[in-house]
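Input: a single structure, listed below in structure tokens.
Protein chains in written order, with the working numbering: chain A, 1 to 84; chain B, 1001 to 1666.
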């Protein structure tokens, strides 16, 4: 088995407090454009901050600011875990 | 002759554009700490150093690709209205993402100035920004500003004048790498074949926007003679890939600039994080949200009470003076019943309105609204709406008109339409007097809870209606929810007070204007035809009321309420003033509350039914106007009236009968 640190996972599976590096944005159309211009681009480091009380959405920190994304939308963002 | 320079204020949402605008032009536009407060362009003027500057404040936008209605307004102004100078207000504490728009503006070939706003916040955190170096690297002037205190705004105005005088266009653009540059230069060559096409835009900019799928630019190209050639070239590549490449290169350019001009402190846990740990906590988040709402309405009621008693006393005294000193019976009735009874009845609630708006503006200014949207998003998802739809709902507690306008930030048209149609169910400040009157009279100490229950009912009806619309007339997938979470800020006392005064004085103006007119009309209807006893069943008001009585009697209400409800369509407060006029017969001094309690036709159950009906029955004239404007058709405005009436009647009917059963008051 390959090391779990290097195989891509989707952003919605990243646990609060963990950091990951974005490797791909699989979204289409508007969502894709919006994610890209908000700094969700391959290579960026993204940290999962907290999950909303009802389980969705999730707050992330990227490029020095916080934003909230629904898990369904986060599922189209591929990341690899960053090892601290 | 004086010159006039036109300036566009642009920038990401929630960076303080409107605060800068207000300080420069002396305006009082609404500000708050959440993305999307400004949804319209607003123009103001200022005179500085013998120059007249016309400033246009624009809605916030993350890029020049516009999705939502407010972003389209911002984008079109910058691109089509050709302002002399574009000022991008930048959040100095969030530079990296803010500079993305700067990179796009740079390509536009316009004079651009960067205003490093909220620089005090960044400095307070320990960041240092060398604006001279940043200015060199961006090849555009950079000015440090603090919108709230006005620091640096004179420098900004001087820079605007200097830049406008030079008239120099910004020509510095970033490179996108060999592959993309080859594509861009191919496109530029093709576009150059049609000299009529460019229309003042740099060809390079048009090429870049075409690659990024900018619908307005593509439409422009579509009409030109080179449309086929552009299409053919774009079809050779994977546009998705190029789109990501361009975004990546822009961030790469920013990444190269920032370390040379700024040192950012390593982020430790900030105050906002600590607050959010509690406020958005898994177990505490929802209870805190509900407690805040409940507390707000309790406060509105409790704090205002002594003031209300004072105002009631003054109007009572005025009524006595009028009754005692004016000999002419007709005039005494007009002033006593019509003016004092009507307007006074509404005036009593001025303290409540002021406190409600103070609380709302503190919530808005703190940044909590974005958290509320975050906490409630899951619920919005269940009904098929984006979390953004929750903010207009909360805004609706103040007034539905700005709340419906704030839906412009919602990208999907159907999402937006649903959010607009359910907004009138959110209980606005104008309905509060009706509740306070009836709940205060019939429920005494429980009034606060009854009122809270009404607000909750409004939200529940809004949510269920949204679900119903989504399942029937406006089907669709819920669109993505991506929202910036601003850091908490302590609302400035000045802003909170200003906001309270602006909204509160609007209520006062309404009381002196449309409510006065409404009261006089009701007084006229209650006094004529000549010779009838004032406010009796033989008066015009009585006739109208009796005509409608079959409709309201199943709700436990009589003709007087029916008349008040009709006039309440103009403005909901008129329900109270009309009752003040109709019940204001002879004694003059007796407060409306005593008169209602003494009326045998009204019971506790009836009072509940009135409140439920007033909560739901139809949007007021102003709200109806804004629904028409924002949806672009009278059809939806008419629909919201009909739907509201049906829902209100059914729920008021159910409330009356259930309450009669449990309270035994029928």
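Backbone N, C-alpha and C define an ideal beta-carbon position, used for all residues, glycine too. None of these values were measured; they are calculated from a predicted model.
For this session: Taking a Cβ distance cut-off of 7 Å, strictly less, list which residues of the region 1468–1490 of chain B are near chain A, in chain order.
Result: Under the 7 Å Cβ criterion, the region 1468–1490 of chain B contributes 1480, 1481, 1482, 1483, 1484 and 1485.
For this session: Under 6 Å Cβ to Cβ from residue 1622 of chain B, same chain only, skipping five residues before and after it: list those, please.
Result: Excluding positions up to five away in sequence, the list reads 1401.
For this session: State the Cα-Cα distance for the pair residue 1601 of chain B and residue 1558 of chain B, rounded to the nearest angstrom.
Result: Taking the Cα positions, residue 1601 of chain B is about 7 Å away from residue 1558 of chain B.
Problem set entry | Interfacial residues, the region 8–20 of chain A to chain B, with Cβ spacing under 8 Å | Correct list: empty, as no residue qualifies.
Exercise. Are any of the Cβ atoms in chain A nearer than 8 Å to that of residue 1092 of chain B?
Worked result: Chain A contact via Cβ: absent.
Problem set entry | Distance between residue 1024 of chain B and residue 1506 of chain B (C-alpha atoms, nearest Å) | Cα atoms of residue 1506 of chain B and residue 1024 of chain B: separation of roughly 24 Å, rounded to the nearest angstrom.
For this session: State the CB to CB distance for the pair residue 1101 of chain B and residue 1088 of chain B, rounded to an integer number of angstroms; the pair is presumed to be in contact (CB under 8 Å).
Result: The C-beta distance from residue 1101 of chain B to residue 1088 of chain B rounds to 6 Å, short enough to fall under 8 Å.
For this session: Kindly say whether residue 1646 of chain B, judged by its beta-carbon, lies nearer than 8 Å to any beta-carbon of chain A.
Result: It does not; no Cβ of chain A falls within 8 Å.
For this session: Under 8 Å between beta-carbons, which chain A residues line up against residue 1374 of chain B? List them in chain order, please.
Result: Against residue 1374 of chain B, the close residues of chain A are 52, 57, 59 and 68, in the order they occur along the chain (beta-carbon pairs closer than 8 Å).
For this session: Please name the residue, chosen from B:1492, B:1568 and B:1357, that lies closest to residue 1516 of chain B on a Cα-to-Cα basis.
Result: Ranking B:1492, B:1568 and B:1357 by Cα distance to residue 1516 of chain B puts B:1568 first.
For this session: Would you mind sorting residue 1143 of chain B into buried or exposed? The rule is 16 or more other CB atoms within 10 Å of its CB.
Result: Its Cβ being crowded by 16 or more others within 10 Å, residue 1143 of chain B is buried.
Exercise. By the 10 Å Cβ neighbour count, where 16 or more other Cβ atoms means buried, how is residue 1550 of chain B classified, buried or exposed?
Worked result: If you draw a 10 Å sphere on the C-beta of residue 1550 of chain B, you find fewer than 16 other C-beta atoms in it, and that means exposed.
For this session: Run down chain A in chain order and give the residues with a C-beta less than 8 Å from the C-beta of residue 1381 of chain B.
Result: Residues of chain A passing the Cβ test: 56 and 70.
For this session: Give, in chain order, every unbroken run of the alpha helix (DSSP H) that is at least 4 residues long and sits entirely within the region 25–84 of chain A.
Result: Runs of the alpha helix (DSSP H) spanning 4 or more residues and lying entirely within the region 25–84 of chain A occur at 29–37 and 71–74, in chain order.
For this session: Could you pull out every residue in the same chain whose Cβ sits closer than 7 Å to the Cβ of residue 14 of chain A, ignoring the five residues on either side in sequence?
Result: Contacts found: 20, 48 and 79.
Exercise. Which one of B:1577, B:1612 and B:1427 has the shortest CA to CA distance from residue 1552 of chain B?
Worked result: Comparing Cα positions, the closest option is B:1612.
Exercise. With DSSP run on the structure shown, which of helix, strand or coil describes residue 1143 of chain B?
Worked result: Shown here, residue 1143 of chain B sits in a strand according to DSSP, grouped into three states.
Exercise. For residue 1594 of chain B, which of B:1480, B:1504, B:1441 and B:1529 has the nearest alpha-carbon?
Worked result: The shortest C-alpha separation from residue 1594 of chain B is found at B:1441.
For this session: Compare the Cα-Cα distances from residue 1483 of chain B to each of B:1339, B:1015 and B:1034 and report the closest residue.
Result: Checked all of B:1339, B:1015 and B:1034; the closest Cα to residue 1483 of chain B is B:1034.
Exercise. When burial is assigned at 16 or more other CB atoms within 10 Å of the CB, is residue 1274 of chain B buried or exposed?
Worked result: Exposure of residue 1274 of chain B is indicated by the presence of fewer than 16 other C-beta atoms within 10 angstroms of its C-beta.
Exercise. What are the residues that DSSP puts in a beta bridge with residue 1091 of chain B?
Worked result: According to the DSSP secondary-structure assignment, residue 1091 of chain B is paired through a beta bridge with B:1117.
Exercise. Counting only beta-carbon atoms, is residue 1281 of chain B nearer than 8 Å to chain A?
Worked result: Contacts with chain A at 8 Å (Cβ-Cβ) include residue 1281 of chain B.
Problem set entry | Endpoints, alpha helix (DSSP H) assigned at residue 1057 of chain B | First-last for residue 1057 of chain B: 1051–1057, but that is the beta strand (DSSP E), not the alpha helix (DSSP H).
For this session: Quick one: using the 10 Å Cβ neighbour count with 16 as the cut-off for buried, is residue 1654 of chain B buried or exposed?
Result: By the neighbour-count rule (16 or more Cβ atoms within 10 Å), residue 1654 of chain B is not buried but exposed.
Problem set entry | Reduced DSSP secondary structure (H/G/I, E/B, other) of residue 1047 of chain B | Taken through DSSP and simplified to helix, strand or coil, residue 1047 of chain B comes out as strand.
Exercise. Can you tell which of B:1271, B:1244 and B:1279 has the C-alpha that lies nearest to the C-alpha of residue 53 of chain A?
Worked result: Ranked by Cα distance from residue 53 of chain A, the first of B:1271, B:1244 and B:1279 is B:1279.
For this session: Could you pull out every residue in the same chain whose Cβ sits closer than 7 Å to the Cβ of residue 1334 of chain B, ignoring the five residues on either side in sequence?
Result: If we look at residue 1334 of chain B and ignore the five residues flanking it on each side, its Cβ neighbours are 1523.
Exercise. Got a sec: which bits of the region 1079–1108 of chain B sit with their beta carbon under 7 Å from any beta carbon on chain A, in order along the chain?
Worked result: Cβ contacts with chain A come from 1094, 1096, 1097 and 1100.
Problem set entry | Extent of the continuous beta strand (DSSP E) run through residue 1483 of chain B | DSSP places residue 1483 of chain B inside the beta strand (DSSP E), whose first and last residues are 1482–1484.
Exercise. Can the beta-carbon of residue 1244 of chain B be found closer than 8 Å to that of residue 42 of chain A?
Worked result: Result yes, Cβ atoms of residue 1244 of chain B and residue 42 of chain A sit closer than 8 Å.
Exercise. Is there a Cβ from chain A that is less than 8 Å from the Cβ of residue 1378 of chain B?
Worked result: For residue 1378 of chain B, the closest Cβ of chain A is nearer than 8 Å.
Exercise. For the beta strand (DSSP E) that contains residue 1340 of chain B, what are its first and last residues?
Worked result: Note, residue 1340 of chain B: premise wrong, no beta strand (DSSP E); not H, not E.
Problem set entry | Contacts of residue 41 of chain A in chain B (Cβ-Cβ under 8 Å) | Under the 8 Å cutoff, chain B gives 1244, 1247, 1248 and 1251.
Exercise. Shorter than 8 Å from the beta carbon of residue 37 of chain A to some beta carbon of chain B?
Worked result: It does; some Cβ of chain B falls within 8 Å.
Exercise. Three-state secondary structure (DSSP) at residue 10 of chain A?
Worked result: Annotated three-state conformation of residue 10 of chain A is strand, per DSSP.
Exercise. Looking only at DSSP bridge pairs, what is residue 1736 of chain B linked to?
Worked result: Examination of residue 1736 of chain B is not possible in this model, given that chain B is present from 1001 through 1666 alone.
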